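**Q** Residue numbers (the numbering used here), protein chains in the order written: chain W, 19 to 283; chain Y, 20 to 336.
Glycine is no exception: its CB is placed at the ideal position from the N, C-alpha and C atoms.
The structure displayed is predicted, hence computed values, not measured ones.
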Amino acid sequence: MTVNPSLAAASSAEVAEDGKAAALLRTEDLTIRFGGLTALDHVNFAVPRSEVCAIIGPNGAGKSTFFNCLTGVLHPTSGAIFFAGADITGLPPNKISQKGIARSYQITNILPNATALENVRIAAQSRRHSWSLFSHHRAYRDIIEKAEAALDSVGLLGKAGEPAANLSHGEQRTLEIAIALATEPQLLCLDEPTAGMSAAETHDTVQLIRRVAANLTILIVEHDMHVVMELAGRITVLHYGAVLAEGTPSEIQQNPRVIEVYLKT
Amino acid sequence: MRRGHGTVFWTGFAVIVALLIAAPLVLTEFWRRFVTEILIWGLLAMSSDILIGYTGMVSFGHSAFFGLGMYGAAAALLTIDPPNLWLALFYGLVAAAAVAACVAYFSTRLRDIYFAITTLIFSQIFYVIIFTWTAVTGGENGLAFERPPLAIPGLFDFVLTPTRLHWFVLAVVAGSYLILRRITQSPFGMVLQSIRENEARTRAIGYAVERYKIVAVMLSGLFAGLAGVLYALQNQFAAPDFVFFLVSGETVIYNVIGGIGTLVGPIVGAAFFLLLREGLSRFLTQYYLIPLGAVFIAIVILMPQGLLGFMRRWLNE
């Protein structure tokens, strides 16, 4: 498996799309049904390269389902997902990760008994050396350095040796981001990165995401409106699995339909 | 700190190996054989620790790998003239690996109890085949054969006396421990432990989890097969009883008693269990299994980490 999908091939495919802005991620009529429930209903959505996009919507709007479709946890009933010009619909999570999409989870999802460093190191190792059986894992300095750099970038290097379970809730949430960064993604999907955080932690996380966004495309699902308005260049509102509105933060704030279903409550 | 750890670890390793080298020189034949068999059962238990302790998959089918190693060795020793130790090893390992590949392919699609039951079913299938295919396997009677010499043409040629066999077993078990320990510390081994900790997360960061599980089952099966070959050499027979699921169950018990995820714990567990059973059966000829079960329950309740569980972090350092 290659480290990165061929960027050259990807960008040429993007240009081929008649005149549309180069979208790193694009969904076409993405639909998923669970029995009688349509959780996502013909969602057409695009994330332009180097932007921070946000998805908001009331509980049950299909935000997490959308994330799970993007990252291969769920398979869409119909529709397609394109990433960097390639069709990634229906690929398993590991292949999608190898293509360059990383995610963090709404509910903290780490290796609790491993150290913070090991959590990140194992993610970095997924790109190379992972089938080595007879060398000590510490022999691969490149992986450890990459992991330490990822920890450093989220400000957790000082806790590298701590078991992840001993970190505070806020630290575990940032560890999630470090794990995602260690896989060297092109697109980082953050599922409610500030969930359950104190105001101070939320502020730090916003700063962190802003720093990270300098070199990455980010897709964020968030409940905290202040966080969304502060970070996102574009916002998509989901309602009952369908796209209700799309636009810049100020457009969304003034959209009467959005105010009706979401912002007011 | 790490340097000090290494010194203590290797000193401990050397002392224990030295004691085991000296064991057959001071023990009676009965206890010599007892210690050799503990090492063999320990190797079987250690091989299953790769799955139970490191990957988080409980196998109830290790008797199949063990038994196929045994019958593979028997096939080599009965069909090749003169009997050759290395070919017995080779046949045993190939047989165990072939079965492990088959079991791994199907069972790793399932998780938790479903994985355990699938391995159990596979081992019972092989048990029934071996038990009923009398023309080839000798059926219920099994197969008996002579011990081959320990020889490398042009270098040396020893008759495998019980003492030499003990040393040979010790060398294989100690070597297997070092190899398995290194594998658990390798990048591959770290992926297995990541799967144990959080399978969905491991997949999400880019690992094809099923492939790692398949290789883990095959590796585990290979070392279980190695234990089967050693057992065949020790006892000069292969019997269907050793493919029966009781052996798989005892393998899991050794792991639980000794401490999973430590590699040496399962060997200690095997030693503890077998010694206790031997001791109890001398005093309570009929009812010895009752106190044995009580001790097992007590350990599970009072020491859920097993005898060496407290050393887990240190041993894996």
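#1: Consider the Cβ of W:Arg121: report whether some Cβ of chain Y lies at a distance smaller than 8 Å.
#2: Starting from W:Pro66, follow the beta strand (DSSP E) in both directions and report where the run begins and ends.
#3: Consult DSSP for Y:Ile214 and reduce its assignment to one of helix, strand or coil.
#4: Give a yes or no on whether 8 Å exceeds the smallest Cβ distance from Y:Val359 to chain W.
#5: Run through DSSP, which three-state label would Y:Arg220 get?
#6: According to a CB-to-CB cut-off of less than 9 Å, which residues of the segment 87-105 of chain W neighbour chain Y?
#7: State yes or no: is the C-beta of Y:Ile279 nearer than 7 Å to some heavy atom of the ligand ADP?
#8: Quick one: give me the first and last residue of the alpha helix (DSSP H) that W:Ala198 is part of.
#9: Using a C-beta cutoff of 8 Å, does W:Ser227 count as contacting chain Y?
#10: Tell me the DSSP bridge mates of W:His257?
#11: Smallest Cα separation from W:Arg146: which of W:Ala134, W:Asn131, W:Ile162 and W:Thr133?
#12: Which chain W residues sit within Cβ distance under 8 Å of Y:Glu216?
#13: In chain order, what residues of the segment 130-154 of chain W put their CB closer than 8 Å to some CB of chain Y?
#14: Using a Cβ cut-off of 9 Å, which residues of the segment 196-224 of chain W contact any Cβ in chain Y, in chain order?
#15: When burial is assigned at 16 or more other CB atoms within 10 Å of the CB, is Y:Glu336 buried or exposed?
#16: Under 8 Å between C-beta atoms, does W:Thr20 make it to chain Y?
#17: What does DSSP give as the partner residue(s) for W:Ser96 in the beta ladder?
#18: Mind listing the chain W neighbours of Y:Met209? Cutoff is C-beta to C-beta under 8 Å, in chain order.
#19: Report the three-state DSSP secondary structure of Y:Gly91 (helix, strand or coil).
#20: Is there contact between the segment 137-153 of chain W and the segment 204-217 of chain Y, where contact requires at least three CB pairs shorter than 8 Å?
#21: Just to confirm before moving on: does the CB-CB distance between Y:Leu327 and Y:Gly278 stay below 8 Å?
#22: Can a CB atom of chain W be found closer than 8 Å to the CB of Y:Ile224?
#23: Can you tell me which of Y:Leu108, Y:Gly111 and Y:Tyr133 puts its alpha carbon nearest to the alpha carbon of Y:Gly75?
#24: Considering just the uninterrupted stretch of the alpha helix (DSSP H) at W:Ser122, what are its terminal residues?
#25: Please report how far the alpha carbon of W:Leu175 lies from the alpha carbon of W:Arg121, in whole angstroms.
#26: With 8 Å set as the bound, which would you pick, yes or no: does the beta-carbon of W:Gln124 sit closer than that to a beta-carbon of chain Y?
#27: Considering only residues of the same chain and omitting the five flanking positions on each side of Y:Ala138, which have a CB-CB separation below 7 Å?
#28: Measuring only the C-alpha atoms, how far is Y:Arg296 from W:Asn131?
**A** Reading off the structure:
#1: Against the first sequence, residue 121 of chain W aligns to sequence position 103. Judged by the 8 Å Cβ criterion, W:Arg121 is in contact with chain Y.
#2: Here residue 66 of chain W refers to the residue found at position 48 of the first sequence. Run containing W:Pro66: Leu55 to Pro66, per the beta strand (DSSP E) assignment.
#3: Stepping through the second sequence from its first residue, residue 214 of chain Y is reached at position 195. Helix.
#4: Because chain Y spans 20 through 336 in this model, residue 359 of chain Y falls outside it and cannot be assessed.
#5: Along the second sequence, read from residue 1 onward, the residue named residue 220 of chain Y stands at position 201. In the structure shown, Y:Arg220 sits in a helix (DSSP, three-state: H, G or I).
#6: Thr89, Gly90 and Val91
#7: As presented, the structure is devoid of all ligands, the ligand ADP included, so that no description of it is given.
#8: On the first sequence, position 180 is the one that residue 198 of chain W refers to. Run containing W:Ala198: His187 to Ala200, per the alpha helix (DSSP H) assignment.
#9: Position 209 of the first sequence, counting from 1, holds the residue named residue 227 of chain W. First, the residue type needs correcting, since residue 227 of chain W is Ile and not Ser in the sequence shown. Not closer than 8 Å to any Cβ of chain Y, the Cβ of W:Ile227 fails to qualify, so no.
#10: Mapped onto the first sequence, residue 257 of chain W falls at position 239. Answer is W:Ala260.
#11: Residue numbering aside, residue 146 of chain W sits at position 128 when the first sequence is read from its first letter. Among W:Ala134, W:Asn131, W:Ile162 and W:Thr133, the Cα nearest to that of W:Arg146 is on W:Ile162.
#12: Reading the second sequence from its first residue, position 197 is the one you call residue 216 of chain Y. The answer, in chain order, is Leu129, Pro130, Asn131 and Ala132.
#13: Pro130, Asn131, Ala132, Glu136, Arg139, Ile140, Ala141, Gln143, Ser144, Arg145, His147, Ser148, Trp149, Ser150, Leu151, Phe152, Ser153 and His154
#14: Ile197, Ala198, Ala200 and Thr201
#15: Locating residue 336 of chain Y in the second sequence gives position 317, counting from the first residue. Result: exposed.
#16: Mapped onto the first sequence, residue 20 of chain W falls at position 2. Legend: pLDDT at W:Thr20 = 42, less than 50; position of this residue unreliable, value from coordinates given subsequently. Not closer than 8 Å to any Cβ of chain Y, the Cβ of W:Thr20 fails to qualify, so no.
#17: The residue given as residue 96 of chain W occupies position 78 in the first sequence. Its beta-bridge partners are W:Thr49.
#18: Residue numbering aside, residue 209 of chain Y sits at position 190 when the second sequence is read from its first letter. Simply Glu136, Arg139, Ile140, Gln143 and His155.
#19: Residue 91 of chain Y sits at position 72 when you count from the first residue of the second sequence. In the structure shown, Y:Gly91 sits in a helix (DSSP, three-state: H, G or I).
#20: yes
#21: Within the second sequence, residue 327 of chain Y is the residue found at index 308, counting from 1. Within the second sequence, residue 278 of chain Y is the residue found at index 259, counting from 1. Yes. Within cutoff.
#22: For the purposes of this step, residue 224 of chain Y is taken as the residue at position 205 of the second sequence. Y:Ile224 counts as touching chain W.
#23: Within the second sequence, residue 75 of chain Y is the residue found at index 56, counting from 1. The residue with the shortest Cα to Cα distance from Y:Gly75 is Y:Tyr133.
#24: Looking up residue 122 of chain W in the first sequence gives position 104. That residue, W:Ser122, is in no alpha helix (DSSP H); its beta strand (DSSP E) goes Ile119 to Ser122.
#25: Sequence index remark: in the first sequence, residue 175 of chain W carries index 157 (1-based). Sequence index remark: in the first sequence, residue 121 of chain W carries index 103 (1-based). If you take the alpha carbons of W:Leu175 and W:Arg121, they lie about 21 Å apart.
#26: In the first sequence, counting from the first residue as 1, residue 124 of chain W sits at position 106. No, its Cβ sits nowhere closer than 8 Å to a Cβ of chain Y.
#27: Translated into positions along the second sequence, residue 138 of chain Y becomes position 119. It is worth fixing the name first, because residue 138 of chain Y is Thr in this sequence and not Ala. Correct list, in chain order: Ser78, Phe79, Gly80, Val122 and Ser126.
#28: Against the second sequence, residue 296 of chain Y aligns to sequence position 277. Against the first sequence, residue 131 of chain W aligns to sequence position 113. When rounded, the distance between both Cα atoms is 35 Å.
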